[in-house]
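Here is the structure we will look at.
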Amino acid sequence: MLASRAGKSSRMQLKASYKFAAAALAVAALMSAQMAPTLAIGPVPTVKAHKGEVTVVSLRAVLPPGFHANSNTPTDAYLIPLTLKWTGGPLQSDAITYPKPALEKYSFSDKPLSVVTGEFTITTKFKIPADAPSGPSAQNGTLKYQACNDRMCFAPKTLPVTLTVNIE
Amino acid sequence: MKSFLRTLAVVGVAGLLGMVACTVPEELPSKPVVKSTSTRKTAPEFSLKDSTGKVVHLADYKGKVVLLDFWATWCGPCKIEIPWFTEFERKYKVRGFEVLGVSMDEDGWKAIQPFAAQAAINYRIILGDDKTGDQYGGIEALPTTFVIDREGKIASVHVGLSGRKEFQDAIESLL
Chain A
16 MLASRAGKSS
26 RMQLKASYKF
36 AAAALAVAAL
46 MSAQMAPTLA
56 IGPVPTVKAH
66 KGEVTVVSLR
76 AVLPPGFHAN
86 SNTPTDAYLI
96 PLTLKWTGGP
106 LQSDAITYPK
116 PALEKYSFSD
126 KPLSVVTGEF
136 TITTKFKIPA
146 DAPSGPSAQN
156 GTLKYQACND
166 RMCFAPKTLP
176 VTLTVNIE
Chain B
44 MKSFLRTLAV
54 VGVAGLLGMV
64 ACTVPEELPS
74 KPVVKSTSTR
84 KTAPEFSLKD
94 STGKVVHLAD
104 YKGKVVLLDF
114 WATWCGPCKI
124 EIPWFTEFER
134 KYKVRGFEVL
144 GVSMDEDGWK
154 AIQPFAAQAA
164 INYRIILGDD
174 KTGDQYGGIE
184 ALPTTFVIDR
194 EGKIASVHVG
204 LSGRKEFQDA
214 IESLL
């Protein structure tokens with residue numbers, strides 16, 4: 016009898032904990048909708064390359080659910096595009112390939128917008144000059160994005176990106 | 044499992060409280076309402092330039108109801124509200140009402156002027172800065188709009204795209 020009561024009480028506590036956790040997280044999610052989302056850049060790979068060759072580097076990035084950023088080719092001239100720039104280092108940026116944008120419709124826009132959401136990858140094709148210095152060094156760049164949700168937008172942000180490069 | 048859920052709940056609540064304490068200014072209600080006169084706080088003073096280079100102070104508008112709209116040309120939701128504000132400016136100006144658009148565009152007038160012309164904005168635009176944004180509680184999201192009463196006090200705050208009627212009701216209750 017006591018064991019049965021204890022079991023029932025435990026199940027009720029578990030149910031209550033579950034509801035509480037769900038409610039807390041739901042409210043937290045609602046509150047976070049008013050905060051600027053942070054674009055997380057995945058682990059940046061170490062680039063091992065040989066002089067005179069070409070190498071391709073992929074950068075993975077993730078936007079939190081519920082947010083989007085303009086793609087590199089926004090549909091409106093006033094929108095700020097996703098932009099990766101390599102600003103210094105031993106490698107020569109030859110071509111940058113952005114993720115394929117999604118055309119999504121939002122309540123604040125008459126026409127679909129060209130956006131990226133969730134996890135996406137930007138690849139850069141680098142040339143390694145024949146006279147590049149041997150050994151370890153760094154390739155620096157920036158990733159600029161401007162994010163919104165369906166009710167509000169957040170100021171453009173520029174994140175630093177650094178690749179560890181090892182030229183042989 | 045139970046312990047995990049308890050932890051999840053604690054983390055959720057702690058996160059929620061942390062967010063409320065650290066990032067949501069006290070005067071930002073979750074649902075915009077016109078505050079009672081006794082609970083209104085004085086709107087921070089600022090000195091910002093308009094497109095002619097003239098310095099504009101909030102104090103210049105004392106005695107008027109002011110809709111202070113923080114916006115940017117790159118903000119899609121802001122563009123929904125702008126025609127409403129243009130209409131309010133036309134409709135309520137004679138009753139002592141003004142709209143002030145505070146643009147947070149990094150590119151300044153180069154971005155603002157063609158946009159304002161295209162959108163036929165009929166109210167004054169001033170170029171905002173981080174200092175002013177901070178004074179107003181840290182403007183994280185655009186649009187963020189403050190409706191200020193004739194005594195220069197904040198009567199309502201609207202974060203994100205809000206309803207046209209919300210603004211209209213707030214303005215009419217103050218005029």
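Residue numbers (this note's numbering), protein chains in the order written: chain A, 16 to 183; chain B, 44 to 218. All C-beta atoms in this analysis are idealised placements derived from N, C-alpha and C, irrespective of residue type, glycine included. Given the structure is predicted, the values throughout are model-derived calculations rather than measurements.
Contact of residue 116 (chain B) with chain A by beta-carbon distance below 7 angstroms involves 93.
Excluding five sequence positions before and after residue 214 (chain B), the CB atoms of its chain that fall closer than 8 angstroms to its own CB belong to 108, 110, 131, 135, 140 and 190, given in chain order.
The beta carbon of residue 167 (chain B) is closer than 8 angstroms to those of 93, 99, 141, 142, 143 and 144 in its chain, skipping five residues each way along the sequence.
Not a single CB atom of chain A sits nearer than 8 angstroms to the CB of residue 151 (chain B). Those residues of the segment 101-121 of chain A placed with their C-beta closer than 9 angstroms to a C-beta in chain B are 121, ordered along the chain.
Against chain A, a Cβ distance below 9 angstroms from residue 110 (chain B) picks out nothing, because the smallest value is about 17 angstroms. Residue 138 (chain A) is positioned such that its CB atom lies closer than 8 angstroms to that of residue 112 (chain A).
When C-beta atoms of the segment 155-166 of chain B are compared with those of the segment 153-172 of chain A, fewer than three pairs fall below 8 angstroms, so the two segments do not count as touching. A distance below 6 angstroms between beta-carbons, with the five flanking residues on each side excluded, links residue 87 (chain A) to the following residues of its chain, in chain order: 96, 97 and 113. Contact annotation for residue 160 (chain B) against chain A: no contact, minimum CB-CB distance about 13 angstroms [criterion: below 9 angstroms]. Here residue 91 (chain B) is near residue 171 (chain B), since their CB atoms are less than 8 angstroms apart. Nearest to residue 51 (chain A) by C-alpha distance, out of A:169, A:177, A:173 and A:183, is A:169.
Around the beta carbon of residue 156 (chain B), fewer than 16 other beta carbons sit within 10 angstroms, so the residue counts as exposed. Chain-order list of chain B residues neighbouring residue 51 (chain A): 183 and 184, by C-beta distance under 8 angstroms. Sequence-distant partners of residue 140 (chain A) (beyond 5 residues in either direction) whose C-beta falls short of 7 angstroms from its own C-beta, in its chain, are 69, 71, 109 and 110.
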